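Each residue of the sequence shown is one higher than the last, beginning at 1299 in our numbering.
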Amino acid sequence: MTKLSHILPPLFLTASALLATPAWLPAAHAAAPQVRTQAPGFYRVLLGDVEITALSDGTVTIPLDKLLTGTGAAHVKDVLASHHLGTQVETSINAFLVNTGKRLVLIDTGAGTSFGAHGGHLADNIRAAGYRPEDVDTVLLTHIHGDHSNGLTVDGKAVLPNAEVVVAKRDADAWLDPANRARVRPESVHVIDEALAAFAPYRQAGRVRTFDGPGEVVPGIRAVPAPGHTPGHTMYELTAGGQTIRFVGDTLHAKDVQMAEPQVTIQFDEDPNAARRQRAAVFADAAARGVIVAAAHAPFPGLGYIERSGSGYAWAPLNYSSLR
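Set out below in structure tokens:
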């Protein structure tokens, strides 16, 4: 009869051998270094045969409890907390590239160097999305404010050298005339100085065009005036494949507060009462028509629907699509 003691050692050795790391495998690292960079900032959707690419210019953190007006700081803090946010909110700076098949149109240009490393990523993300800044035919500006128009130029050179820049006449009249430094709010003087620098190479090349009132500004894209935030603040609307998308610019700044309370304004509004009225009308129209909204400061990619919710509204992000 075989003794148990004669059997156990070989079995034990066999199990140990199976559990041991083979010599030909590389040793495991205790920890991989963190990368700490975000994915390339572009996201694409299709409306019929029109390709729309949301582009991130970056994010900037702003104190919404201090900037929002027509409300109270304590209330803003409570509302933001209900959305798992503090009062210092990292806010997206979004632009949108529209390829109609005949034209490549960029709606807004981001902040350029205005916010340091927090912005100015538009050109890199245009390239990441498969295009070049030189490919852009037309820039449509929702308005002239640094985080929408300063990206036109970096170090005095045109970022989009082959593009025509299109903007509402009322905004051009307000921000591209040096004489207005004495007429605008003191906190808005810098807008004129920044705009003059950002537009300079395009004006010198005769590549700036203005429009007045609603209507088609490039084939297939309509301007919809929405003055208030700035004198010439404008939305743009495109319909394709049975769907409509509206690029709303700064009609919306703080989604987590203004959706439920569209009467809340922000210090950047040149005419807060007009901006409030515009937002109420835009929200009601978007909810009734079911249009897709492209918002410059909603969390990237800033694409979604506005839905009725109680006495206010709610933001419904666009469902993710692989485009396949």
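Idealized CB from N, CA, C, for every residue including glycine.
Please read these numbers as outputs of a predicted model, since none were measured by experiment.
Per DSSP, reduced to three states, the secondary structure at F1545 is strand. DSSP, reduced to helix, strand and coil, places D1355 within a strand of the structure shown. In the structure shown, A1466 adopts extended strand secondary structure according to DSSP, grouped into three states. For G1513, the enclosing beta strand (DSSP E) covers residues G1513 to V1516. Between G1600 and N1392, the gap from beta carbon to beta carbon is short of 8 Å. With respect to S1412, S1354 sits apart: the two C-beta atoms are not nearer than 8 Å. Put simply, of N1397, Q1576, I1519 and G1417 the residue whose alpha carbon is nearest the alpha carbon of V1358 is G1417. Judged by beta-carbon spacing, V1348 lies beyond the 8 Å limit of V1387, meaning their Cβ atoms are not closer than that value. Following the DSSP letters along the chain, one finds R1574 inside the alpha helix (DSSP H) bounded by residues P1570 to R1587.
Contact between H1527 and H1441 holds, since their C-beta atoms are separated by about 6 Å, short of 8 Å. Judged by DSSP secondary structure, G1444 falls within the alpha helix (DSSP H) whose first and last residues are G1444 to S1447.
The beta-carbon distance between E1462 and R1401, rounded to whole angstroms, is 10 Å. This is too long to meet the 8 Å contact definition. Here the alpha carbon of V1515 sits roughly 58 Å from the alpha carbon of A1328. R1425: member of the alpha helix (DSSP H) spanning L1420 to A1426, first to last residue.
Between the C-alpha atoms of A1456 and A1480 there is a straight-line separation of about 28 Å. Per DSSP, the beta bridge partners of V1343 are I1350. Per the DSSP secondary-structure output, A1521 pairs in a beta bridge with G1513 and Y1534. One thing to note: F1545 has its Cβ no nearer than 8 Å to the Cβ of M1557. In the DSSP assignment, E1492 falls within the alpha helix (DSSP H) that extends over V1487 to Q1502.
Checking the DSSP bridge columns, you'll see N1397 partnered with E1349 and L1402. Three or more Cβ pairs drawn from the segment 1605–1618 and the segment 1556–1572 lie within less than 8 Å of each other, which places the two stretches in contact. In this structure A1594 does not touch G1530 by the C-beta definition: roughly 16 Å separates them, more than the 8 Å allowed. Between the beta-carbon of L1536 and that of I1519 there is about 5 Å, and that keeps the pair under the 8 Å contact cut. The residue among V1377, T1385, A1352 and T1367 with its C-alpha nearest the C-alpha of I1360 is T1385. In this structure, T1351 is the residue among T1369, D1548 and T1351 with its C-alpha nearest to the C-alpha of T1398.
Cα atoms of L1438 and G1547: separation of roughly 11 Å, rounded to the nearest angstrom.
Rounded to the nearest angstrom, the gap between the Cα atoms of Q1332 and P1512 is 50 Å. A1584 sits buried, since 16 or more C-beta atoms from the chains shown fall within 10 Å of its C-beta.
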